[in-house]
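**Q** Just passing along the structure, written as structure tokens.
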Amino acid sequence: MKKKLSWYRIFFRVIALILIPTLVIGVLQRILTPKYVSSIPEGSMIAEYYDSPKNTDVLILGDCEVYENISNVAMYQNYGVTSYTRGSSEQLIWQSYYLLEDTLQYQKPKVVILNVLALSEAEAKSEAYNRMTLDGMRWSKSKRASYEESKTSKENLLSYYFPILRYHSRWSELSSEDFKYAFEKKPLVTSNGYLMQVGVRPVTTVPKTMPLSDYDFSQRNMDYLDKIRQLCEDHGAQLLLMKAPSIFPHWYDEWDAQVVDYAKAHNITYLNMVKDAEKIGIDYSKDTFDYGQHLNVDGSEKVAKYLGEILKTKYNVEDRRNDPTYSTYWNDLSKRYDEEKAAKTKAWESSNAK
Amino acid sequence: MLFTSVQFLIFVFVALVLYYTLPKKCQWIVLLVANVYFYLQAGFYGAIFMAITMLTSYFAALIMDYYKIVGERTIKLSKVEVTRDEKKKIKADVKRKSKVILVIALLINFGALGVLKYSNLFITSFTNFSPVNFILPMGISFYTFQTMGYIVDVYRGSVISEKNFFKYALFVSFFPQLVQGPISKFTMLSKTLYAEHDFSWDVIESGLMRIIWGYFKKMIIADRASVGLATLISDFTTYKGAYSLLGIAIYAVQLYADFTGGIDITIGVAELFGITLPENFKQPFFSKSLAEYWRRWHITLCTWFKDYVFYPISTSKRVIHQGKWLKEHVSEGLGKRFPMYLATLTVWFVTGMWHGAKWNFIVWGLLNGIIMLLSQELSGVYKKVDSKLGLKKTKIYGLFEIIRTTILVAVLQMLDYHKNIADAARMFVSIFTSANYGQVFGGGLFNIGLSVYDYVVLLVGIIVIYIVSYLGRNESLRVRLKSKPYAVRFILCLAMLVCILIFGSYGIGYEQSQFIYNQF
Numbered sequence: 001m002k003k004k005l006s007w008y009r010i011f012f013r014v015i016a017l018i019l020i021p022t023l024v025i026g027v028l029q030r031i032l033t034p035k036y037v038s039s040i041p042e043g044s045m046i047a048e049y050y051d052s053p054k055n056t057d058v059l060i061l062g063d064c065e066v067y068e069n070i071s072n073v074a075m076y077q078n079y080g081v082t083s084y085t086r087g088s089s090e091q092l093i094w095q096s097y098y099l100l101e102d103t104l105q106y107q108k109p110k111v112v113i114l115n116v117l118a119l120s121e122a123e124a125k126s127e128a129y130n131r132m133t134l135d136g137m138r139w140s141k142s143k144r145a146s147y148e149e150s151k152t153s154k155e156n157l158l159s160y161y162f163p164i165l166r167y168h169s170r171w172s173e174l175s176s177e178d179f180k181y182a183f184e185k186k187p188l189v190t191s192n193g194y195l196m197q198v199g200v201r202p203v204t205t206v207p208k209t210m211p212l213s214d215y216d217f218s219q220r221n222m223d224y225l226d227k228i229r230q231l232c233e234d235h236g237a238q239l240l241l242m243k244a245p246s247i248f249p250h251w252y253d254e255w256d257a258q259v260v261d262y263a264k265a266h267n268i269t270y271l272n273m274v275k276d277a278e279k280i281g282i283d284y285s286k287d288t289f290d291y292g293q294h295l296n297v298d299g300s301e302k303v304a305k306y307l308g309e310i311l312k313t314k315y316n317v318e319d320r321r322n323d324p325t326y327s328t329y330w331n332d333l334s335k336r337y338d339e340e341k342a343a344k345t346k347a348w349e350s351s352n353a354k
Numbered sequence: 355m356l357f358t359s360v361q362f363l364i365f366v367f368v369a370l371v372l373y374y375t376l377p378k379k380c381q382w383i384v385l386l387v388a389n390v391y392f393y394l395q396a397g398f399y400g401a402i403f404m405a406i407t408m409l410t411s412y413f414a415a416l417i418m419d420y421y422k423i424v425g426e427r428t429i430k431l432s433k434v435e436v437t438r439d440e441k442k443k444i445k446a447d448v449k450r451k452s453k454v455i456l457v458i459a460l461l462i463n464f465g466a467l468g469v470l471k472y473s474n475l476f477i478t479s480f481t482n483f484s485p486v487n488f489i490l491p492m493g494i495s496f497y498t499f500q501t502m503g504y505i506v507d508v509y510r511g512s513v514i515s516e517k518n519f520f521k522y523a524l525f526v527s528f529f530p531q532l533v534q535g536p537i538s539k540f541t542m543l544s545k546t547l548y549a550e551h552d553f554s555w556d557v558i559e560s561g562l563m564r565i566i567w568g569y570f571k572k573m574i575i576a577d578r579a580s581v582g583l584a585t586l587i588s589d590f591t592t593y594k595g596a597y598s599l600l601g602i603a604i605y606a607v608q609l610y611a612d613f614t615g616g617i618d619i620t621i622g623v624a625e626l627f628g629i630t631l632p633e634n635f636k637q638p639f640f641s642k643s644l645a646e647y648w649r650r651w652h653i654t655l656c657t658w659f660k661d662y663v664f665y666p667i668s669t670s671k672r673v674i675h676q677g678k679w680l681k682e683h684v685s686e687g688l689g690k691r692f693p694m695y696l697a698t699l700t701v702w703f704v705t706g707m708w709h710g711a712k713w714n715f716i717v718w719g720l721l722n723g724i725i726m727l728l729s730q731e732l733s734g735v736y737k738k739v740d741s742k743l744g745l746k747k748t749k750i751y752g753l754f755e756i757i758r759t760t761i762l763v764a765v766l767q768m769l770d771y772h773k774n775i776a777d778a779a780r781m782f783v784s785i786f787t788s789a790n791y792g793q794v795f796g797g798g799l800f801n802i803g804l805s806v807y808d809y810v811v812l813l814v815g816i817i818v819i820y821i822v823s824y825l826g827r828n829e830s831l832r833v834r835l836k837s838k839p840y841a842v843r844f845i846l847c848l849a850m851l852v853c854i855l856i857f858g859s860y861g862i863g864y865e866q867s868q869f870i871y872n873q874f
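Respectively, the protein sequence lines represent chains A and B.
With this note's numbering, letter number 231 in the first sequence gets 231, and the count goes up by one each step, no holes.
With this note's numbering, letter number 222 in the second sequence gets 576, and the count goes up by one each step, no holes.
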């Protein structure tokens, strides 16, 4: 006859049954999840926010046109304006909304700057881009809602709760970085959300502009723009719309007109930096690292100065350079920024010299 | 609902909780509801066909039993002594009437299966009409065979019909075996299906182990191999010669891991509910001949054909009579062998048909039959050659026989995955005529969607399967593991789970795939 198990044996078995697999799978999950440090650092940006002081006066939302085109440190160095960029690749307008909702749980910015290029994107196109925005967000209602709105046909919620279900196949491409940062804190890849790019690849040709069959922004996008405006109002933040300077993707006049009308109707400032590029001082033979799509560090500093001036004069954003609550952090950040700039520039110059 | 989906796991979990928490007398009802839910996930259309099969077979069995009872009563209650001849006459009358019912039920059900599955084969082969777009209900081949086996057994008197329609519906629609079998016999399945089961950790553990093993085979090996095969059959001009050889090996591995893995999941899930399903495999790739292979592969289908096709044909009076005629008028040997030849070739023709509505499968089936008959005919010659060459039944010779059978089975399977017979033949010939072996084994094999890592996983997976099969020759490894400490079993299961989690082909970048046998 089979011996009956004592209660403590059953108890230990059940504990082992739950604890050990959780532990093993947890460790494996940490190893297999991409670290986004030396390659595709864009994947680290959204999560980095949670380690920042969360007391900036300005919050910047949008896609690569913000995290590569606006130097937050330059804005601070020149005007004392403190800002954080919650940018991510191909950030869609509803993702900006839910990131705003998420950020407002931690801080109360005075100004929210939104890049409007995302208004032209009606649907989420890539799971990889969704991941780069959503994976880094802490679990909240906002993340869940952002997932629901963004998911492509192949994505499922479970893989966001358990990233191992998504990244299990990375076992064959693991690097030492994956093991190193599985439990160790990752180094910061941005300076308050700004991803520094150095080097110059000047604009040589401007891609031909193709006419579109429909220039109207989707209703869903306009609804989310409304929601962003409303949320800003509810939290006492002023909304500022901007279109970052770039040669391509082309910013159509028809798109611009819709933003101008919207801004007018709601008494919001809209800065079209594509048109203002000259005024800002952008020189596409020197200030871009990828033939006019994004700006290099010099270009992004010019945009930062331009924006800083507006934020200071028009929005009365305080100069925090002499505020001890801010200065320690920002001075450290400035130092790191300058070192990064010097090191990257040197690396670029030496690689260019070869 | 795919067996490899999260929904399926949740579905089984919920069904299991209800099964063991509700009163035991409700267990079969829980299963029936689960079956209905599972089947409706595949669409309402298929459920109609299943309902027709249920109703026709249920009533056919009832009517046949009714005739039998009426006949017996007539004999019993007759006031006057019934003579032997009269008894015979009553019995013959019962049999005749039952036969009519049986034939009607068989015609309706095999007719439906035939129309849905085989119309296009005949339309495209013999007419100029375009094929009809029929949707094949899930598991139709499996449940049709299972129910037709049941009514034949009732007709033969070896089974008493089930009176409760809902219990009978449970037998027809038991969800784990709907996707790819096994094909159960009513006498065996009903006992365990309708019984009340106590919750037991041992049963759950054993079922889970079997399920994990099934997922290991399906998700790590079969689904990974399928990526390579899909590339190889996508372009015959490029993937010939050595690639064709690679395709034979990959498909043999894929089919084995897919089908046996699926059956492991099926049997394991049933076991969670305390239900025992018949085994469908017994280390098929340890077979030393094709005949032995077919006694070890898809056992329940082969048994079905043996019971309901082979024996009825080989023992039929008409066939025996024809054999006698041949004996007298043509040759004694042919006459003697005729019933067996006819039964064998019919079985393999139908087996081919069962696997798919393509001439490939019919040729594949007949080739299997012919090779087995030839091997039987030539057994004397083999013995003579063996004794002349001094070949003894050593272990090495046994290994040679196993390899020979494996190659034979794998080559015949080319007819499974190639579009038509001509393509399969062309690709087979190309193995000997193409000179691309250097190119393929010098790196080309990594250009078919499988990386070096995939090959390593496949190779390790095959070795693991081989070891498990070898150790389980006499007694299944699960049974042997029962005597090992809990920690050993736990670590083994956890290791398997982790392997599935990491090396399994699922999620983004992989297509969730149905089991190969689901299409049959």
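Ideal Cβ positions, reconstructed from N, Cα and C, are used throughout, including at glycine.
Between A16(A) and chain B, is there a C-beta pair that is closer than 9 Å?
**A** yes
**Q** Out of curiosity, what's the CA-to-CA distance linking E339(A) and W348(A)?
**A** 14 Å
**Q** Is it the case that the Cβ atoms of L460(B) and M502(B) are separated by a distance below 9 Å?
**A** yes
**Q** Taking all protein chains shown into account, decide if M1(A) is buried (16 or more other Cβ within 10 angstroms of its Cβ) or exposed.
**A** For M1(A), the predicted structure reports a pLDDT of 49, less than 50, and the residue's modelled location is therefore unreliable. The matter cannot be settled from this model.
**Q** At least one CB of chain B closer than 9 Å to the CB of P34(A): is that the case?
**A** no
**Q** Less than 9 Å separating the beta-carbons of G734(B) and V717(B)?
**A** Taking 9 Å as the cut-off, the beta carbon of G734(B) is found no closer than this to the beta carbon of V717(B).
**Q** Return yes when the Cβ of R138(A) is within less than 9 Å of the Cβ of D166(A), no when it is not.
**A** For the sequence presented, residue 166(A) should be read as Arg rather than Asp. Result no, Cβ atoms of R166(A) and R138(A) do not sit closer than 9 Å.
**Q** Mapping DSSP to helix, strand and coil, what is M492(B)?
**A** coil
**Q** State buried or exposed for L600(B), treating a residue as buried only when at least 16 other CB atoms are found within 10 Å of its CB.
**A** buried
**Q** Please name the residue or residues paired with Q238(A) in a DSSP beta bridge.
**A** Under DSSP, Q238(A) shares a beta bridge with V111(A).
**Q** Kindly indicate which residue of S859(B), A849(B) and I862(B) has the alpha-carbon position closest to the one of L23(A).
**A** A849(B)
**Q** Quick check: the Cα distance between W7(A) and F844(B), rounded to an integer number of angstroms?
**A** 18 Å
**Q** Taking only beta-carbon atoms, is I360(A) less than 9 Å away from chain B?
**A** Here chain A covers residues 1 to 354 and nothing more, so residue 360(A) does not appear.
**Q** Output the distance between the C-alpha atoms of G465(B) and N474(B), rounded to the nearest integer angstrom.
**A** 14 Å
**Q** Return the residue from the list L769(B), G796(B), V506(B) and G615(B) that minimises the CA-CA distance to Q531(B).
**A** G615(B)
**Q** Assuming Y596(B) contacts N801(B) under a Cβ cut-off of 8 Å, what Cβ separation, rounded to an integer in Å, is found between them?
**A** According to the sequence as given, residue 596(B) is Ala; it is not Tyr. With 8 Å as the limit, A596(B) and N801(B) do not qualify as a contact, their Cβ atoms being about 12 Å apart.
**Q** For the stretch 156-172 of chain A, which residues have a beta carbon sitting closer than 8 Å to at least one beta carbon of chain B?
**A** Hits within the stretch, in order: N156, L158, S159, I164, L165, R166, H168, S169, W171 and S172.
**Q** What distance in whole Å lies between the Cβ atoms of A124(A) and T152(A), which are believed to be in contact at a cut-off of 8 Å?
**A** 6 Å
**Q** How would you write the range of the alpha helix (DSSP H) that N352(A) sits in, first residue to last?
**A** P324 to A353
**Q** By the three-class DSSP mapping on this structure, what secondary structure does L99(A) have?
**A** helix
**Q** Does any C-beta atom of chain A lie closer than 9 Å to the C-beta of F857(B)?
**A** yes
**Q** If you drop the 5 nearest sequence neighbours on each side, which residues of the same chain put their C-beta closer than 7 Å to that of P41(A)?
**A** Cβ neighbours of P41(A) beyond the five flanking positions: V189 and L195.
**Q** Let me know the alpha helix (DSSP H) ranges lying completely inside the stretch 683-734 of chain B, each 4 residues or longer, listed in chain order.
**A** 686-709 and 713-731
**Q** With respect to the beta strand (DSSP E) encompassing L599(B), which residues constitute its N-terminal and C-terminal limits?
**A** First-last for L599(B): A596 to L626, but that is the alpha helix (DSSP H), not the beta strand (DSSP E).
**Q** Tell me the rounded alpha-carbon separation between A237(A) and G568(B).
**A** A237(A) and G568(B): Cα-Cα distance of roughly 57 Å.
**Q** Using a C-beta to C-beta distance shorter than 8 Å, which residues of chain B count as neighbours of P109(A)?
**A** Neighbours of P109(A) on chain B: none; closest Cβ ~35 Å, over 8 Å.
**Q** Here's the rule I'm using: 16 or more other beta-carbon atoms within 10 Å means buried, otherwise exposed. How should W648(B) be labelled?
**A** buried
**Q** CA-CA distance, I364(B) and L370(B)?
**A** Taking the straight line joining both Cα atoms gives about 10 Å.
**Q** What alpha helix (DSSP H) runs, 4 residues minimum, are completely inside the stretch 411-486 of chain B?
**A** 438-480
**Q** Output yes or no for whether 9 Å exceeds the beta carbon distance between L516(B) and A405(B).
**A** A quick correction: the sequence has Glu, not Leu, at residue 516(B). Against a cut-off of 9 Å, the Cβ pair of A405(B) and E516(B) comes out as no contact.
**Q** Can you give me, in chain order, the residues of the stretch 244-267 of chain A that have a beta carbon less than 8 Å from any beta carbon in chain C?
**A** Annotation note: the requested chain C is absent from the structure, which comprises protein chains A and B.
**Q** Do G535(B) and L720(B) have their C-beta atoms within less than 9 Å of each other?
**A** no
**Q** Could you check what DSSP says for T375(B) in three-state terms: helix, strand or coil?
**A** helix
**Q** When the cut-off is 9 Å and only beta carbons count, does S837(B) lie next to chain A?
**A** no
**Q** Quick one: what's got a C-beta closer than 7 Å to M75(A)'s C-beta in the same chain, skipping five residues either side?
**A** V81, S83, A304, L307 and G308
**Q** Going along chain A, which residues have a C-beta under 9 Å from S805(B)?
**A** Simply S172.
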